[in-house]
Amino acid sequence: MKIKKLIPALAGCLLILAGNIACARPVYTITFINGANEETGLELFAQQIKEEINTLMKSRADIRYQNRTVPVNPRGKSIESIARLLTQKGAGCFIGLGVDLSDRLIHLNQYPRPLIAVGVMDARLQGAPRSPEGGSGVRNLNYIESHFDVEQDLKTFKSLCDYRHLSVVLPKDDRAVLKALETYFTTILKTIAPDSTFSIATIDPDHIEPGIPQVPLASDAVYLVPVFTENGDEQMARIIAEVNRRRLPSFALLGESHVRLGALSSIAPDRNLNTMARRVAINVLDILEGADAGTLPVSISSYSNNFVLNVDTMKKIDYYPSFETAARARLINLEKLHQGGPGLQLKGVILEALERNLSYLSSQADTKIQETQAQIARAALFPQVSVSAGLTRIDKNRVNIARTYNAQTTLSAGAGLQQTVFSDDLLANLAVQKILTGARQYSEKATLLDTVLTASRAYINLLLAMSTQNIHNDNLGVTRKNLEIARNKAAVGTVNLAEVSRWESEQAANQISLNDAFRDFQTARMQLNQILDRPILRDFSLEDVGPDKGIELMITDPSVYRFLNNLKQVQTFSNFLVTEADRYLPELKQIQENIKAQERLVLNKKRALYLPSVGLEANIEKILDEYEVRQNTSSDLDHPWSVSLTATWPLFTGGGSQKELAQSRLELSQLKLQERDAVNQLHLDIRSKLETAAVSAREISLANARYEAALKSFDIMQAGYAEGRNSVTELVDAQNTKLNSERALASAKYQFVLDFLEMERATGRFYFLDPPDEKQAFLSRLKEYMETTSKRDS
């Protein structure tokens, strides 16, 4: 019985064991081969390949990795060592990394194990085998041809910069690859630039600055080859900085990432290394599933041109390519083209405008002139004292015969005094000039507010122009990507050439839009310099502004914004702002002062009908000396004097005085009508600007939602277009919608600030210019008004 009970248990154990044996996954060994003298930084690239292999093979097999190092020099010993390594038992696949090692690998006589050589720079120049089907055509041999097209790089660089002596900068002294590189570059330059020479400058990444002088002084351009080390970006950034300090144009083999580090240009997409690692992983998978390595593809068809120019670097090295060349490139850091020197922020621009703006300075001069005019009017009421001196010579007849004069030559001096005792004309002029001085001061305040708004508008328009320029630049890059997709699809026959032409047309249109945006940015920059009375072409850096940064708006105060929650509150708030404008608005105050001046003029014309003008005049004369005297003059007669007091009434002026009075009254009535019209216009301006600003506050979130939806739609459409699910028209529409929504989002942010600044200007004050006590007083009045109105309405 016990044996019978054990049989089922044993059977179950056997079934479990058999199941485990059946479920055991195969194990494959992949051996990475490195050259003994090649760059040790290839470990990062090897790790990237491993990650791609693990992703593809995680459900198929367990992968074991080995690392082997072989010499690359001398050539015979290198090939012999590699041949022995490939005969190892148990090895599933070999992957060789490195430029010089790959050159050895593709020239072996036989391949007992599958081998992938990663690092063949140019298969044609290196004599690598190639079958018509796109493989090596050699059993067990696969290599990955670098899709970094050095020949195309140097050709593009030549069109960008007509170099005569090119320096190829290697960030590490790797003598094992120097010979191969010299042959490689010599062959290429003979084809594309036969009139140019080159040299290779090797720089130790750990001692970069001392190595830079190895770049010959005759060099007029630099070609940058990447370094695969853990801190490669840091090392390359230091090398690029030194090259830029020498003001040498540079071209980066690796692609856009190094252009963003400061290189001038590149055409290689950043995704190329990722694509290469993925292609190696796919070929490994095919090999481990039984495919012959010699039949697998050696090239990567996903390569695409990514011609980029770093505008900031152009400015740093003071090198500018032709417009035609720049038009073919995607521009990076375009906004930095005219940024440099001291940074500007909105408040600083406003303060500088109040110190330097010519219109405002002219307005201040007008105020000083008016103040002087009032002082002149006051001076007319004070005594007017004058002195005189004279030398008189007459003929002898009047002295000797007629005896009209006592001496032929007389030297005399005199003094006079004039004092207006009463003149309503002078009093009225003084009063009017004082009133006009007050009106002029209000006009100056209005100019101050206009200057603040003008400077703010110019600053914000410049930010918007810069943002628009960047948006159009990015959109041009998107169009170029879509054009590349269309060309790839046309190459395999999935679309016709008309679709490619459509994208070429879009690209030209986008370039026109970018040119227009660049012009607008240039114009806005010059306008801001003009407002600040700076040199028109001066460069500067800008600090961004928005609803929550850059400036303290009235609306950004939470205690104010809460009163814009609904239509009723907005209307009540506008009523409050109208009352505030009546207290502060300088335009109204100026009209009111002009009315006061005109009222005084009317009074003067009425008084002129009956009031006299009274004046006092006194004179004295002293004879200092006489020559050729007939007889001595009595001392009582040599200093005559006189005093007179005169009153004058206008009895008849032909009706002119009455007409002048009537005219003054009409002018006063006209001013009062103008005041009423100005009040209506200014109140309307306040209410309409508040409505506009309130809408701007709500539109930011809507514009953001619109852009996010448009971006999502575009991404879906672009992916669908690449896969053939969407048409070119649908993608163009989606891209235009994305472009318009992105521009609307940028505009909404800046328009919010500008609209509320214009609203504050309409009230006659700027919240951010008020001292803290006035801000608090304003908030207290606002709270009291809103609460009182709410209680009255309820």
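Mapping to this note's numbering: the sequence shown position 63 is 53, numbers consecutive.
All C-beta atoms, glycine included, are put in the ideal place defined by N, C-alpha and C.
Counting every other CB atom within 10 Å of its CB across the protein chains shown gives A253 a total of 16 or more, marking it as buried.
Close CB contacts of Q741 within its chain, under the 7 Å cut and outside five residues either way in sequence, are with S686 (chain order).
Per DSSP, reduced to three states, the secondary structure at K424 is helical. In this structure, G245 lies near I257, with their beta-carbon atoms less than 9 Å apart. Just measuring C-alpha positions, the residue of E141, L747, R430 sitting nearest D440 is L747.
In the DSSP assignment, the residues bridged to N609 are G406, S632. Straight through space, the alpha carbons of P239 and D143 are spaced by roughly 13 Å. Considering only D139, A355, R470, the residue with the shortest C-alpha distance to R430 is A355. Here F241 carries a strand assignment [DSSP, helix/strand/coil].
Short of 6 Å from the beta carbon of W639, and not among the five residues preceding or following it, lie these beta carbons of its own chain, in chain order: P602. Annotated three-state conformation of D615 is strand, per DSSP. Excluding the 5 residues flanking it on each side, I425 has same chain C-beta neighbours closer than 6 Å at E583, K586, A587, in chain order. Setting aside the 5 residues that flank it on each side, N419 is surrounded in the same chain by A367, each with a C-beta closer than 6 Å to its C-beta; the list follows chain order.
In the displayed model, G125 falls within coil according to three-state DSSP, outside both helix and strand. Residues I182, A183 of the same chain have their beta carbon placed closer than 7 Å to that of K148, with the five preceding and five following residues left out of the count. Rounded to the nearest whole angstrom, the CA to CA distance from V422 to K305 is 59 Å.
Per DSSP, the beta bridge partners of N132 are I106.
Here R54 is bridged, per DSSP, to T19.
For R733, the enclosing alpha helix (DSSP H) stretches over residues 718 to 753. For H155, the three-state secondary structure derived from DSSP is strand.
Just so you know, the alpha carbons of P122 and E135 end up roughly 15 Å apart.
In this structure I526 is exposed. Its beta-carbon is surrounded by fewer than 16 other beta-carbon atoms within 10 angstroms. Collapsing the DSSP output to three states places A316 in a helix. About 7 Å separates the CB atoms of L543 and Y757; that is less than 8 Å, so the two are in contact. Taking C-beta separations shorter than 7 Å and ignoring five residues to either side along the sequence, the partners of Y449 in its chain run L336, V339, L518, following chain order.
By the neighbour-count definition (other C-beta atoms within 10 Å, threshold 16), V633 is an exposed residue. Residue range 646 to 712 is occupied by the alpha helix (DSSP H) that includes S703. For N594, there is no enclosing beta strand (DSSP E); the residue is part of the alpha helix (DSSP H) that begins and ends at 576 to 597. Excluding its 5 nearest sequence neighbours in each direction, Q204 has C-beta neighbours in its own chain below 6 Å: A191, listed in chain order. N300 sits in a strand when the DSSP states are folded into three classes. Ranking R688, E474, L407, D529 by CA distance to the CA of G605 puts L407 first. Between the beta-carbon of R320 and that of R470 there is about 7 Å, and that keeps the pair under the 8 Å contact cut. With respect to M226, V108 sits apart: the two C-beta atoms are not nearer than 9 Å. The beta carbon of D308 sits closer than 7 Å to those of R237, all from its chain and outside the five residues before and after it, given in chain order. Here H248 is buried. Its C-beta has 16 or more other C-beta atoms within 10 Å. Taking a cut-off of 8 Å for Cβ pairs, the stretch 551 to 561 and the stretch 347 to 364 do not touch, as fewer than three such pairs fall below it.
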